[in-house]
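What follows is one structure encoded as structure tokens, with my remarks underneath.
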Amino acid sequence: PLTPDGGSVAGPEEALSRGQVRDRYAAVSPDSARIAVGSNRIGGQELWVLDLPSRRWDRIALPPDATGLISQACWARDGRRLVVMRYLQDGTSTYWDVALDGSTAEQFLPRAPAISGGFACAFSPDGKRVVYARRAEAFNQLFVFDLETRTEHQLTTSASHKYEAAWSPDGRWLAFVANARGAVQAWRIPSAGGDEQQLTTGFERNRHLFYSPDGQWLYVQPSHRNIWRMPADGGPLR
């Protein structure tokens, strides 16, 4: 665990799962009490939620799909539902809006060529929109889906693959990572659309962006090593 102010260590690491299982794509709930993961603990890769206080594992049932392979998810702000991306064995993926109580499960985007990079989606701070990446012509681009109007909007258009995105706490910006000239750099774009702004330079593969709760900092993991942070509008990493 890390403190949100300075990134200092707040406690020792703790194993949450053991044995011959493959738990992937962890997503922490807004109240920090649950973690959604794609797991093969009873066979095929399915979506599970771990309740941290009780250490109870619950499977999130989706309509059966014989071609289903892996699921990964992001949490709604109220913690009552998930948007789930299902990887399928034919090389496509789909998106679902799923209630945790099992009452509803709706596929809201059709099958499309799957992307790599381990990014499902992220809810906007107001809970009304979801950002995700999918293929548009030759590249992975960021799209925003409005859950109220059920409409999709393409956000990025530059000639590079985008892998993941994070909303700023005030909802004004989306930070994302994209490959550029042999490296993966951090960028940002206004959530309403606009110019893509590069935030990092060099030759690292900068991944796994997230904002500090006050929106002043962006955290990043260069080349899958240590976690660093920088000012949210760009600047030196530390």
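Going from the sequence shown to our numbering is simple: count from 1 and add 1195. Glycine included, C-beta positions come from ideal geometry on N, C-alpha and C.
field: Nearest-angstrom beta carbon gap, Leu1342 and Ala1300 [assumed within contact, 8 Å]
entry: That pair is no contact at about 14 Å.
- request: Run the proximity test for Glu1391: is its beta-carbon closer than 7 Å to any non-hydrogen atom belonging to the ligand FMN?
  value: In the structure shown, the ligand FMN is absent, as is every other ligand, since no ligand is present at all.
task: Scan the segment 1363-1406 and note each continuous beta strand (DSSP E) run of 3 residues or more that stays entirely inside, going in chain order.
output: 1368-1375, 1378-1385 and 1401-1406
- prompt: Taking Cβ to Cβ, would you say Ile1384 is nearer than 8 Å to Gln1393?
  reply: no
Cutoff 8 Å; reference Gln1215; Cβ partners in own chain excluding five residues on either side: none
Rounded separation between Arg1376 and Cys1316 - CA only: 25 Å
field: Residues near Trp1243 in its chain [Cβ-Cβ closer than 6 Å; skip 5 each side]
entry: Val1232, Ser1234, Trp1252 and Arg1254
- prompt: With 16 other CB atoms within 10 Å as the buried threshold, where does Glu1209 fall?
  reply: exposed
field: Euclidean distance between Cα positions of Ala1180 and Ser1224
entry: The structure shown does not extend to residue 1180, since the chain is modelled only from 1196 to 1433, so the question has no answer here.
- prompt: Sorted by chain position, which residues of the same chain lie with C-beta nearer than 8 Å to His1419's C-beta, five sequence neighbours on each side aside?
  reply: Arg1400 and Arg1402
task: Name the one or two DSSP bridge partners that Gly1239 has.
output: According to DSSP, which records beta bridges pairwise, Gly1239 is partnered with nothing at all.
query: Would you report the Cα separation of Ala1361 and Phe1398, rounded to the nearest angstrom?
result: 22 Å
Beta-bridge partners of Leu1304, as assigned by DSSP: Tyr1290
- prompt: Exposed or buried, what is Thr1346 when buried is set at 16 or more other beta-carbons lying within 10 Å of its beta-carbon?
  reply: exposed
query: Can you give the Cα-Cα distance for Glu1332 and Ala1354, rounded to whole angstroms?
result: 10 Å
message: In the DSSP output, what is Arg1281 paired with across the bridge?
response: Ser1266 and Thr1289
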